[in-house]
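**Q**
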Amino acid sequence: MMRQFLEIKTANPDCLLFYRMGDFYELFFEDAETASRALGITLTTRGKHLGDDIPMCGVPVHAADDYLQRLIALGHRVAVCEQLEDPAEARKRGSKSVVRRDVVRLVTPGTLTEDNLLDSRRNNFLAALARTKAAGDDGFALAWADISTGEFGVAEAARLELPALIARVEPGELLVSDALYDDPALRNLLRETRAAVTPLPPAVFDSTSAERRLRDYFSVATLDGFGPLTRAETAAAGAVVSYVDRTQVGGRPPLSPPIRETRGAVMAIDPATRANLELVTTLSGDRRGSLAAAVDRTVTAAGGRELTRRLASPLTDHARIAARHEAVAWLVDNAALRRTVREVLRSAPDMARSRARIAVGRGGPRDLAAIRDGIAAAHALAGHLGEVPDAEGPDRLADIAGRLRAPQRAVHAELAAALVDAPPHLRRDGGFVKAGFAAELDQARDLRDESRKIVAGLQAKYQDDTGVRSLKIRHNNVLGYFVEVTAQHAGKLTAEPNSQTFFHRQTLASQMRFSTGELADLEGRIATAAERALALEMEIFDALVARVVADGEALDAASAALGELDVHAGFAELAVSRDYVRPVMSDDLAFDIHGGRHAVVEQALAGAGDGPFVANDCDLSPPQPGDGSEADGGRILLVTGPNMAGKSTFLRQNALIAVLAQAGSFVPAESARIGIVDRLFSRVGAADDLARGRSTFMVEMVETAAILNQAGPRSLVILDEIGRGTATFDGLSIAWATIEHLHDVNRCRSLFATHFHELTALSETQARLSNATVRVKEWKGDVVFLHEVVPGAADRSYGVQVAKLAGLPAAVVSRAREVLHKLEETDRNAGAAGIVDDLPLFASHVRRAAAPAAAAGSPSVLAERLAAVTPDDLTPLQALELLYELKALAANQAADPAGGREQR
Ligand SMILES: Nc1ncnc2c1ncn2[C@@H]1O[C@H](COP(=O)(O)OP(=O)(O)OP(=O)(O)O)[C@@H](O)[C@H]1O
């Protein structure tokens, strides 16, 4: 047996080997040590190998899923090795022969199918990243498949686009070739992804053999039917199916043909933005508190997964977005139908995952029942949708109704006729086929149950015959049926005449067990009948499985349609219950939100009874009378305001409104007009990334750099407190230059929140920048937050007041007030004027701020000259001349720096 174990282990060196022995999976050697540590189970020894004890530990088969889940979560991979024949078969080959065993499946993070190993509301994708050599940085492709639902997608990407794509798909496991695994350019990407990264030999990614593998997997002669896949896409998709084959050991889960996603079809959202906006999980990884949790009104698992997917990948295609809104609008208007639809949906089980398990031979009777109930729900829903004349319903719903009708009624009828209402999880013990379905089965069962009644009668008879009232007939796997009496009464059975009937079988401490001829005879009949019944049930099970497998594609179509309908109905329910409106989508640069709210904060406030959320407007549409096209450039809104006033909330709520709208939902606002956003960027909050050797400030700058380098005219950019992680002047300067770059180069719709009030001066020179502030009231020295965003600039930050609210010791608060007072005084007298010479750009503003002190010194000549310039009035030539002049002025000033200071 050890030889067999070692052979199998050698073939699967990177996995923990679950070696089946009877009712246990046993682990040996290092695997046993690793597993016992990871699972907290006892480590024992069994036999010797090369003179040493063999470490061993085991998990019971019936509880194996739990242990698997924990091992997978810890990043292990497990090879499940089963007994492939009955031990009796093995014994026929000789008393020393070993039961045939082999690995039937590798369990890895990306190839799970069991419900308790999966999150029902999220896909679990296995992804593969491939690159074609010739194309360099641009030739990447990602393929992703969920073997628990059959979905399969593929897309091309440039290297810079990869982080966003991988973060969106959020694979559980990512396959890469050894070469990519070792590529320094991808090191950070691979380290940052939450997926378990599995390096594989380059041959797995070879595009020529990939093509063959795909043809083979989908049993097609050519891949042309899948649309034109690029070489990198073929390689990635080929790697996925090759790994599925390897881990499922030939049991092929049904996958849809790879659906190719065109570039730019979904809103690009990089990983930092995705995390910051907490779209599907919060920063701490929970679903609770995320946008998904706040807007999820779906009632099925398929709907939950579809919702998560939509929020993670909002569309950019006007027509497709409009179709989703149309479906939601229709379900908003048809309240009665919406309620019926949701009611029926509630009864629909997770058909996709059940069908996938059935297809790989891991399904049980309960999975068949899920298909039965799923088909019933699908047909009922199609009926309800069909009751309303098609002309009234939007295309999207008509299409959904069509797919809901796809599964055959006959399949449902058979399942319904064969299965009991609530069948057991495992088929092993039978008991799932309805009485009356198969006459032969009924007979076998009757015989079995009849015999059980006879056993009961026999027990009564034996009690009378022997006079032992406590005599029992029991059953166990070793003895079969036996008569049991307490030791005290044993004598009555061993004495004449009873000893003629009762044969002694076993003596325990306080009981004695016997057999009788009648009992042995009955036992035989019961066992045969039970075996027969079980065998018949297994036959019926297999026949039902075959029916389900044959109708698999229709079932998948219906399951997907069910999920989509659930999302539409859920969004409609959300719109009605939380007062969301249908956004008007356009192809220009509009972004005009009236009375917008934060989807998550609003609900949190309502839940905590913390008063209403204050709605706010936000208009980032191009201000000039133009056609609103890209040439006009979007507006930048610079938001200043005290701490805790609601700046971050305001910024995020607008980003979330864009995401919701393009995901197909209505939005929390009184009205919204949104020109489609193709990329969303946000830099919100700051966190150290010490693990990667990056300080808070470094993280902030890396993310800002990515935005300034990548944001295009159709992007939406949210920047919160850029530059706060460093010294004031450095921070202010960086923020200043960042805004100018956004305004002049990126020209995209942007929201910028800051505590640097100096930045508000930019509105004088930047045509498309306007200032907004969040109102507060001061009351008896404390600050009252109104959360109202109004045009204009804040005058101060109220930081000390907020610190007091936060419970800073009174002594610290009063000392801070003193220091603040002193600093403000110094600033008024000298500090501000000091900026004038060093940073001429700030001149216009600083002069205003320092007005009382102006007499104390003369402002910089350079600043004065600049202030006199109206850039819009200059011809290019004049501008160049001005530049020469300014350079000369600056050179003069630099030659006599002390002179400048002495004047002050
Ligand atoms: N519009 C609103 N209506 C009601 N409450 C709000 C609103 N906006 C924000 N709040 C409440 O105020 C709190 C603080 O908001 P937020 O974090 O956005 O402030 P901030 O101005 O960004 O603060 P800081 O400058 O300190 O980062 C939120 O947690 C929320 O409870």
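For the record, in the sequence shown the residue sitting at position 514 is 514 according to the UniProt record's numbering, with numbers rising by one throughout. Idealized CB from N, CA, C, for every residue including glycine. If you're wondering where the values come from, they're calculated on a predicted model, not measured in any experiment.
#1: Rounded to a whole number of angstroms, what is the C-alpha to C-alpha distance between L742 and A575?
#2: I'd like the ranges of any beta strand (DSSP E) spanning at least 3 consecutive residues and lying wholly in the UniProt domain "DNA mismatch repair proteins mutS family" (715–731).
#3: Can you name, in chain order, every residue of its own chain whose Cβ lies under 6 Å from the Cβ of E484, other than the five neighbours on each side?
#4: Which residue or residues does DSSP assign as beta-bridge partners of R20?
#5: Using 8 Å as the Cβ pair cut-off and three pairs as the minimum, do the segment 248–257 and the segment 199–211 touch?
#6: To which residues does DSSP link I674 through a beta bridge?
#7: By the three-class DSSP mapping on this structure, what secondary structure does R532 have?
#8: Spell out a yes or no on whether the segment 659–667 and the segment 574–588 are touching, meaning 3 or more CB-CB pairs, one atom from each, closer than 8 Å.
#9: Is it the case that the Cβ atoms of S290 and V299 are separated by a distance below 7 Å?
#10: Going by CA-CA distance only, name the one from D429, Q443 and R428 that's closest to A435.
#11: Is Q766 helix, strand or coil by DSSP?
#12: Mind the definition here: the segment 367–374 touches the segment 345–355 only if three or more C-beta pairs lie below 8 Å; say whether that holds.
#13: Might you give, ordered along the chain, the residues of its own chain that have their beta carbon closer than 6 Å to the beta carbon of H76, omitting 5 neighbours on each side?
#14: For residue 906, which option in Q506, S733, I636 and L889 has the closest C-alpha, if you only look at C-alpha atoms?
#15: So, under 8 Å CB-CB, G167 and D270 are touching, yes? Tell me the CB distance rounded to an integer number of Å.
#16: Check whether the Cβ atoms of H787 and V614 lie closer than 7 Å to each other.
#17: Skipping 5 residues on each side, what residues in its chain have a beta carbon closer than 8 Å to that of E261?
#18: Along the alpha helix (DSSP H) that carries L479, what are the first and last residues, could you check?
#19: Decide if H568 is buried, meaning its Cβ has at least 16 other Cβ atoms within 10 Å, or exposed.
#20: Specify the secondary structure class of S148 as computed by DSSP and reduced to three states.
#21: For ligand 1, which residues have a Cβ under 5 Å from at least one heavy atom, in chain order?
#22: Of all the beta strand (DSSP E) runs that stay within the bounds of the segment 81–126, which reach a length of 3 or more residues?
#23: Beta carbon of V776, beta carbon of A645: below 7 Å?
#24: Please report how far the alpha carbon of H384 lies from the alpha carbon of A558, in whole angstroms.
#25: Do three or more CB pairs link the segment 9–29 to the segment 77–92 at distances below 8 Å?
#26: When you compare the CB positions of G596 and Q662, do they come within less than 7 Å of one another, or not?
#27: Entirely within the segment 614–684 and at least 4 residues each: give me those alpha helix (DSSP H) ranges in chain order.
#28: With burial defined as no fewer than 16 other Cβ atoms inside 10 Å of the residue's Cβ, what is the status of N771: buried or exposed?
#29: Do I331 and R320 have their C-beta atoms closer together than 7 Å?
#30: Apart from the five residues on each side of it in sequence, which residues of its chain come closer than 6 Å, Cβ to Cβ, to D138?
#31: Go through the segment 775–811 residue by residue and report every complete run of the alpha helix (DSSP H) that reaches 4 residues or more, in order.
#32: Where does S559 fall in DSSP's three states?
#33: Taking Cβ positions, are N334 and S682 nearer each other than 7 Å?
#34: Could you tell me which residues DSSP puts in a beta bridge with P199?
#35: With a threshold of 7 Å on Cβ separation, who are the neighbours of S844 within its own chain once the five nearest residues in sequence on each side are excluded?
**A** Once the coordinates are examined:
#1: 34 Å
#2: 715–720
#3: K472, R474, Q511 and R513
#4: For R20, which the question treats as bridged, DSSP gives the partners Y25.
#5: no
#6: M585 and F591
#7: helix
#8: yes
#9: no
#10: Q443
#11: coil
#12: By the Cβ criterion, the segment 367–374 is in contact with the segment 345–355, since at least three pairs of Cβ atoms, one from each stretch, lie closer than 8 Å.
#13: L16
#14: The chain is shown only over 1 to 904; residue 906 falls outside these bounds and no answer can be derived.
#15: Checking the sequence shown, residue 167 turns out to be Ala, not Gly. The Cβ separation is near 7 Å, so the contact holds.
#16: yes
#17: G153, V154 and A155
#18: Per DSSP, L479 belongs to no alpha helix (DSSP H) and is neither H nor E.
#19: buried
#20: Of the three classes helix, strand and coil, the one that applies to S148 here is coil, per DSSP.
#21: F613, V614, N643, M644, A645, G646, K647, S648, T649 and H787
#22: Fully enclosed beta strand (DSSP E) runs of 3 or longer: 101–107.
#23: yes
#24: 15 Å
#25: Yes, since at least three Cβ pairs between the segment 9–29 and the segment 77–92 fall closer than 8 Å, the two stretches touch.
#26: Going by beta carbons, G596 and Q662 fall outside the 7 Å limit.
#27: For the segment 614–684, whole alpha helix (DSSP H) runs of length 4 or above, ordered along the chain, are 647–663.
#28: buried
#29: For clarity, residue 331 is Leu in the given sequence; the question names Ile instead. No, they are not a contact pair.
#30: Cβ within range, chain order: A158.
#31: 799–805
#32: helix
#33: no
#34: BP columns for P199 point to V176.
#35: With a pLDDT of 38 at S844, under the threshold of 50, the modelled position of that residue is not reliable, and no figure is offered here.
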